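Notes for the one structure printed next.
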Amino acid sequence: MKNVVFRNKQVKVEINSFVNLLQKEQIKISRVILFGSFAKGKQKDYSDIDLAVVSPDFGKDTHKEMMFLVHLSSKVSDRIEAIPVAEKDMLMKYHPLIGEIKKYGKIVYSSN
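Per my numbering, the very first residue in the sequence shown carries number 49; after that it's consecutive.
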């Protein structure tokens, strides 16, 4: 995965605002990874901002974690589509979504 250089300042602002909100909620974030059309440089004006939020806090109740991220992202932008990803899930080799994130994802935040 590569780090991302933003050409669209508003997208960067929205992502940073979302990450800041996650931190205020005291979510232990390992990484936030941009994937999908923005990561591939194929976004349109109406494209969602797909984000994988990787955290050791996730992996216990995916539905609850997803709803929590939907609630938080709605405070920032209706374009952000965030998914919870447990650390262990990033080790999966044959999961289509994890494969997509690993192949095309761009790290937009890292705790390291």
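Glycine is no exception: its CB is placed at the ideal position from the N, C-alpha and C atoms. Here the structure is a predicted model, which is why all the values come from computation and not from measurement.
Using the three-state DSSP reduction, which class does residue i fall into: helix, strand or coil?
i	result
residue 94	coil
residue 104	coil
residue 118	helix
residue 146	helix
residue 130	strand
With residue i and residue j assumed to form a contact (beta carbons below 8 Å), what rounded beta-carbon distance in angstroms separates them?
i	j	result
residue 124	residue 62	6 Å
So the candidates are the options; which of them puts its Cα closest to the Cα of residue i?
i	options	result
residue 155	75, 116, 56 and 80	80
residue 75	147, 117 and 141	117
residue 105	113, 90 and 121	113
residue 135	108, 98 and 67	108
residue 120	56, 67 and 58	67
residue 158	57, 71, 56 and 111	71
residue 153	100, 59 and 58	100
residue 89	56, 126 and 143	56
For the beta strand (DSSP E) that residue i lies in, which residues bound it at each end?
i	result
residue 158	154 to 158
residue 81	79 to 83
CB-CB under 7 Å to residue i, same chain, minus the five flanking residues each way: which ones, in chain order?
i	result
residue 95	85 and 86
For the alpha helix (DSSP H) containing residue i, name the first residue and the last one.
i	result
residue 63	57 to 72
Counting only the same chain and skipping the five closest in sequence on each side, list residues whose C-beta sits under 6 Å from that of residue i.
i	result
residue 161	The question about residue 161 has no answer, for the chain in this structure spans 49 to 160.
residue 91	85
residue 133	100 and 102
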